[in-house]
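Input: a single structure, listed below in structure tokens.
Residue numbers (the working numbering): 166 to 664.
See the structure below:
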């Protein structure tokens with residue numbers, strides 16, 4: 166029978182342990198110096214190695230041929246503990262043995278000498294589940310235990326333990342594993358399975374594991390079964406039901422464009438695809454948290470962001486004020502609770518986005534951006550030159566910036582050029598204007614986020630095979646976005662007009 170990865174890779178001695186150096190070092194020194202105590206308390210989140218450490222410590226204490234702090238792994242005691250059938254090591258589930266009767270039954274047996282090893286070791290998992298009466302019954306034995314007894318308690322909720330219990334134990338706090346520790350471990354597992362994986366795929370698994378190594382190993386096991394070749398990020402997203410991060414980037418662009426309609430359409434599309442909208446809200450919280458991180462430290466918080474997405478993050482970080490990002494975090498954090506109250510996740514999500522857009526609108530300055538935000542620099546592309554219409558005050562400098570600039574107009578605006586086929590049929594400017602709504606509708610189907618930016622454009626001129634679009638100066642970001650995606654715009658225009 167196949168053995169799952171987390172069982173295959175469970176450490177059997179302290180040398181194999183990943184992370185938790187502060188705990189490994191202390192226990193190793195205690196074993197080497199003969200200063201082990203009668204009661205240990207291991208605290209920390211799930212999947213951080215509490216039970217594994219307890220088993221390694223039990224093996225080291227009862228090993229017949231221990232070298233320093235390392236159990237031999239070959240003697241009968243080590244083998245029995247590894248197989249889970251040792252007569253001297255008892256693993257007890259605190260959730261199902263939580264009453265005073267179970268603890269009294271345990272205490273009646275502690276005075277008997279161990280059968281083969283030097284110690285009788287009681288590992289009580291989820292010890293916080295014991296009742297107060299059970300804890301009280303345990304106190305006396307815990308304070309003055311027989312010399313051959315060692316208690317090892319493990320819990321994810323140390324704050325629920327009585328202070329009288331904690332004070333009688335040596336406490337060790339297990340921390341969550343870092344992303345790099347998890348991804349390094351996953352890479353070794355991938356190699357042992359003779360498989361390969363995209364770095365982004367492993368980064369997504371590490372993030373989703375939330376610092377738990379066992380969770381990461383179980384997720385990797387599941388993803389490897391799903392994928393037959395190279396494990397890709399898209400495979401991991403599909404297995405875990407994660408919504409593509411591109412969706413959240415689109416949402417950020419809707420915020421920049423102040424397009425609540427597009428955001429609502431996005432919700433309807435996700436709902437129609439059967440996506441979990443509460444998970445979308447949780448993903449939005451993570452995304453805007455990362456965006457705030459990116460804005461503050463100017464770098465992506467993890468390797469899960471490929472370079473193409475980092476460029477989008479830079480754009481959003483430059484064009485969304487910190488207060489808007491914080492407002493987005495606040496809005497999406499409460500969706501899950503409101504979904505329970507309303508009984509409708511879609512309505513809760515729509516209300517959250519509506520509040521966010523209204524709040525953003527109320528805080529906008531006269532230039533169309535929130536206070537503190539900065540505009541993107543305009544970098545003309547070779548195939549799509551940008552020519553800015555300036556007021557009379559800056560007409561001279563603007564004229565030198567672009568040779569094909571239209572004449573100055575009363576409305577301050579900028580222009581971007583879109584090239585059409587040189588061999589196109591004859592088409593007039595008015596015909597393009599007449600078909601512009603159809604072009605926008607087609608663009609919406611191709612990429613709704615780009616259409617949200619292009620809505621602010623108007624057709625201002627047609628020179629040869631160059632179609633010029635005009636934007637008001639406050640929509641410089643919209644112009645830059647359309648310019649950066651002008652190939653797609655050209656394709657859509659060709660589909661609609663045939664030119």
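Glycine included, every Cβ here is placed at the ideal spot set by N, Cα and C.
For residue 637, the enclosing beta strand (DSSP E) covers residues 631 to 637. The C-beta distance from residue 376 to residue 411 rounds to 26 Å, too long to fall under 8 Å, and the pair is not in contact. Just so you know, the alpha carbons of residue 213 and residue 323 end up roughly 15 Å apart. At a cut-off of 4 residues, the continuous stretches assigned as alpha helix (DSSP H) that sit fully inside the region 207 to 244 are 215 to 227.
In this structure, DSSP gives residue 429 a helical state, which the three-state scheme calls helix. Taking the CA atoms as reference points, residue 231 sits about 50 Å from residue 472. For residue 448, the uninterrupted alpha helix (DSSP H) run begins and ends at 442 to 462, by DSSP. Beta-bridge partners assigned by DSSP to residue 256: 288. Leaving aside the five residues that flank residue 640 on each side, the residues in its chain whose CB is nearer than 6 Å to its CB run, in chain order, 621.
In this structure, residue 223 places its C-beta atom within 8 Å of the C-beta atom of residue 254. Assignment of beta-bridge partners to residue 336 by DSSP yields 206. Exclusion of the five residues before and after residue 304 leaves 329, 330 and 333 as the residues of its chain whose Cβ lies within less than 8 Å of its Cβ.
The C-alpha of residue 312 lies about 54 Å from the C-alpha of residue 446. Looking at 357, 604 and 616, the one whose alpha-carbon comes closest to that of residue 658 is 604. Under the three-pair Cβ rule at 8 Å, the region 492 to 509 counts as touching the region 437 to 454. Of 355, 610, 221 and 393, the smallest CA-CA separation from residue 381 is found for 355. With a contact defined as Cβ atoms closer than 8 Å, residue 347 and residue 365 miss out at about 14 Å. Per DSSP, the unbroken beta strand (DSSP E) holding residue 627 starts and ends at 623 to 628. By the beta-carbon neighbour count (other beta carbons within 10 angstroms, threshold 16), residue 391 is exposed. Pairing residue 282 with residue 272, the inter-Cα distance amounts to about 19 Å. Of the other Cβ atoms in all chains shown, fewer than 16 fall within 10 Å of the Cβ of residue 308; this residue is therefore exposed. Nearest to residue 516 by C-alpha distance, out of 480, 429, 178 and 660, is 429. Between the alpha carbons of residue 361 and residue 384 lies a gap of roughly 15 Å. A contact between stretches requires three or more CB pairs, one per stretch, nearer than 8 Å, and the region 591 to 600 fails this requirement with the region 405 to 425. Cβ contact annotation for residue 339 (same chain, cutoff 7 Å, sequence separation greater than five): 185, 188, 207, 208, 209, 213, 214 and 215, in chain order.
For the 8 Å CB-CB criterion, residue 450 and residue 498 form a contact. If the five residues before and after residue 511 are omitted, its C-beta is found closer than 7 Å to the C-beta atoms of 432, 436 and 442, all from its own chain and listed in chain order.
The Cβ atoms of residue 218 and residue 263 lie no closer than 8 Å to each other. Counting along the chain, residue 317 sits inside the beta strand (DSSP E) bounded by residues 314 to 320. Secondary structure of residue 278 (DSSP, three-state): coil. Cβ atoms of residue 642 and residue 489 stay farther apart than 8 Å, at about 14 Å.
Straight through space, the alpha carbons of residue 367 and residue 316 are spaced by roughly 37 Å. Shortest Cα-Cα distance from residue 336 to any of 238, 415, 203 and 267 involves 203.
Between residue 350 and residue 183, the gap from beta carbon to beta carbon is short of 8 Å. Boundaries of the alpha helix (DSSP H) around residue 601: 594 to 611.
In the DSSP assignment, residue 300 falls within the unbroken alpha helix (DSSP H) covering 297 to 308.
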